[in-house]
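Asker: Okay, so the sequence shown: first residue is 386 according to this note's numbering, each after it adds one.
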Amino acid sequence: MNHPENDKAYKGLTVNEGVENLPSVNPYATFHRKKRQLSVDEYFEGIRRGDISILGQAVTLVESNLPADQLIAQQVIERCLPFAGGAIRLGITGVPGAGKSTFIEALGTELCHQGKHIAVLAIDPSSERSKGSILGDKTRMNELSTQANAFIRPSPSAGSLGGVARKTRETIVLCEAAGFDTILVETVGVGQSETAAHSMVDYFLLLQVTGTGDELQGIKRGIMEMADGIAINKCDGNNMERARAARVSYRNALALFPPSESGWKPDALCCSAVEHTGIAEVWKNVEDYVAFTRQNGYFERHRTEQAKYWMYETINAALLNGFYQNEHMELRIQQAEQQVLNNEISSFIAANQLLTEYKNGREN
Numbered sequence: 386m387n388h389p390e391n392d393k394a395y396k397g398l399t400v401n402e403g404v405e406n407l408p409s410v411n412p413y414a415t416f417h418r419k420k421r422q423l424s425v426d427e428y429f430e431g432i433r434r435g436d437i438s439i440l441g442q443a444v445t446l447v448e449s450n451l452p453a454d455q456l457i458a459q460q461v462i463e464r465c466l467p468f469a470g471g472a473i474r475l476g477i478t479g480v481p482g483a484g485k486s487t488f489i490e491a492l493g494t495e496l497c498h499q500g501k502h503i504a505v506l507a508i509d510p511s512s513e514r515s516k517g518s519i520l521g522d523k524t525r526m527n528e529l530s531t532q533a534n535a536f537i538r539p540s541p542s543a544g545s546l547g548g549v550a551r552k553t554r555e556t557i558v559l560c561e562a563a564g565f566d567t568i569l570v571e572t573v574g575v576g577q578s579e580t581a582a583h584s585m586v587d588y589f590l591l592l593q594v595t596g597t598g599d600e601l602q603g604i605k606r607g608i609m610e611m612a613d614g615i616a617i618n619k620c621d622g623n624n625m626e627r628a629r630a631a632r633v634s635y636r637n638a639l640a641l642f643p644p645s646e647s648g649w650k651p652d653a654l655c656c657s658a659v660e661h662t663g664i665a666e667v668w669k670n671v672e673d674y675v676a677f678t679r680q681n682g683y684f685e686r687h688r689t690e691q692a693k694y695w696m697y698e699t700i701n702a703a704l705l706n707g708f709y710q711n712e713h714m715e716l717r718i719q720q721a722e723q724q725v726l727n728n729e730i731s732s733f734i735a736a737n738q739l740l741t742e743y744k745n746g747r748e749n
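1. Just to confirm, is the Cβ distance from residue 483 to residue 504 under 9 Å?
2. Throw me the rounded Cβ distance for the residue 613 and residue 588 pair, which I believe falls under 8 Å.
3. Residues in the same chain with beta-carbon distance under 8 Å from residue 728, minus the five sequence neighbours each way, listed in chain order, please.
4. For residue 651 and residue 463, what's the separation of their Cα atoms in angstroms?
5. Who are the Cβ neighbours of residue 721 in its own chain at under 7 Å, not counting the five residues just before and after it?
6. Label residue 540 either buried or exposed according to how many other C-beta atoms from any shown protein chain fall within 10 Å of its C-beta, with 16 as the threshold for buried.
7. Is the CB-CB distance between residue 672 and residue 645 below 9 Å?
8. If we ignore side chains and look at the alpha-carbon of each, how far apart do residue 442 and residue 454 end up?
9. What's the C-alpha gap between residue 591 and residue 719?
10. I'd like the list of long-range same chain contacts for residue 496, defined as Cβ closer than 8 Å, with 5 residues on each side in sequence excluded.
11. Grab me the residues of residue 654's own chain with a C-beta within less than 8 Å of its C-beta, minus the 5 sequence neighbours each way, in chain order.
12. What three-state label does DSSP hand residue 530 in the structure shown?
13. Please report the distance separating the alpha-carbon of residue 831 from that of residue 478.
14. If you follow the alpha helix (DSSP H) that residue 592 is part of, which residue opens it and which one closes it?
15. Within 10 angstroms of the Cβ of residue 473, are there 16 or more other Cβ atoms? Answer buried if so, exposed if not.
16. Go ahead and pull the three-state DSSP assignment for residue 663.
17. Alpha carbon to alpha carbon, how far is residue 648 from residue 676?
18. Which value, in whole angstroms, describes the spacing of the CA atoms of residue 487 and residue 425?
19. Counting C-beta neighbours from all protein chains within 10 Å, is the total for residue 697 16 or more, i.e. buried, or is it exposed?
20. Can you give the Cα-Cα distance for residue 742 and residue 467, rounded to whole angstroms?
21. Secondary structure at residue 708, three-state DSSP: helix, strand or coil?
22. As a quick exercise: from 699, 529, 508 and 476, pick the residue whose alpha carbon is nearest that of residue 494.
23. Which ranges does the beta strand (DSSP E) cover as unbroken runs of at least 3 residues, wholly within the stretch 440 to 496, from first to last along the chain?
24. Given that a residue counts as buried once 16 or more other Cβ atoms are within 10 Å of its Cβ, and exposed if not, what is residue 682?
25. Please state whether the Cβ-Cβ distance between residue 658 and residue 693 is less than 9 Å.
26. Measuring CB to CB, does residue 459 end up less than 9 Å from residue 585?
The following block contains the structure:
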């Protein structure tokens with residue numbers, strides 16, 4: 386476009402040429418197409434050769450609630466099952482603030498330096514309101530996440546019993562088939578029953594902390610009876626003497642419990658995840674337990690019992706999903722719910738009516 390202002394008659398005044406209209410779409414932008422769904426064979430082969438990217442995709446598939454994803458996931462798990470079972474499975478629980486993530490990073494890093502392949506399944510609590518999770522464990526384990534032989538997978542608890550993700554056991558199978566020889570399962574540790582965690586690991590470690598108030602609060606009979614060992618974390622600085630005193634109290638409490646089915650006598654140890662002291666002793670206790678239970682046959686019996694336990698858990702989950710996903714029952718549940726809210730029938734009568742209708746519908 387010619388501008389009259391550029392005429393020589395107008396001294397000292399020029400107008401630069403404009404630019405053509407640019408396209409509304411950025412020509413430099415790159416568009417990523419949706420990833421192609423891998424086949425069962427591709428998932429299996431990728432997992433077996435230790436491909437972390439494919440392993441992560443397989444775990445996502447396992448955690449999915451979509452029926453199509455679940456169908457593929459179960460086929461992948463079935464293919465991987467013969468190659469699983471060779472890892473030491475360590476469950477770690479403790480109250481919030483006990484330093485579970487810091488301890489796991491210290492232990493995992495130590496084991497990586499020993500040449501072991503570590504898979505960390507960190508369970509984040511899910512919000513009861515939004516159902517979402519922060520999933521920040523991987524960002525907290527900076528040093529461990531840089532190790533080439535470590536795999537960290539944060540997963541939402543999704544309201545599971547004991548804070549353990551519903552699909553963690555299947556994820557363990559995938560990680561073992563991928564060649565990981567040590568599986569660390571971190572639970573939420575909110576004081577609820579940790580039965581689910583105990584039923585999927587070989588060694589159950591209770592992480593405790595002292596110097597925060599009433600020391601007796603840490604001595605809970607139920608959780609301590611399940612523990613195969615206790616580690617008193619943050620045994621450093623001014624807290625060292627209190628931690629050692631707490632170790633004596635825990636050892637005395639453990640001595641009062643009846644012998645465990647495994648025949649193993651749990652011990653209480655002190656450690657500092659920040660200063661990396663006592664970590665090797667805790668792992669030595671795990672190795673001693675595994676050797677002891679392998680020798681007396683409890684190790685294999687315990688895993689067999691776990692397999693049976695999860696068979697029934699899977700049945701229960703399938704029945705529960707079948708009930709709530711039934712189209713007819715969805716309407717009837719809403720109607721029964723309104724009747725209960727209006728005090729027309731009791732909660733128990735409403736539940737029995739719904740279950741009877743569901744049962745009769747399945748039989749017809």
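Here a beta-carbon is modelled for each residue, glycine too, at the ideal position from N, C-alpha and C. Bear in mind that the values here come from a model prediction, so they are computed numbers and not experimental data.
Answerer: Taking the structure as given:
1. no
2. 5 Å
3. none
4. 35 Å
5. 735, 738 and 739
6. buried
7. no
8. 11 Å
9. Approximately 42 Å, taken between the alpha carbons.
10. Answer for residue 496: 503, 567 and 668, listed in chain order.
11. 614, 615, 616, 617, 632, 663, 666, 667 and 670
12. helix
13. Any property of residue 831 remains undetermined from this structure, which presents the chain solely from 386 to 749.
14. Where residue 592 is concerned, there is no enclosing alpha helix (DSSP H), although the beta strand (DSSP E) it sits in stretches over 588 to 594.
15. buried
16. If DSSP states are grouped into helix, strand and coil, residue 663 belongs with coil.
17. 12 Å
18. Roughly 36 Å separates the two Cα atoms.
19. It is exposed - the Cβ of residue 697 has fewer than 16 other Cβ atoms within 10 Å.
20. 41 Å
21. helix
22. Put simply, of 699, 529, 508 and 476 the residue whose alpha carbon is nearest the alpha carbon of residue 494 is 529.
23. 473 to 479
24. Per the 10 Å Cβ criterion, exposed.
25. no
26. no
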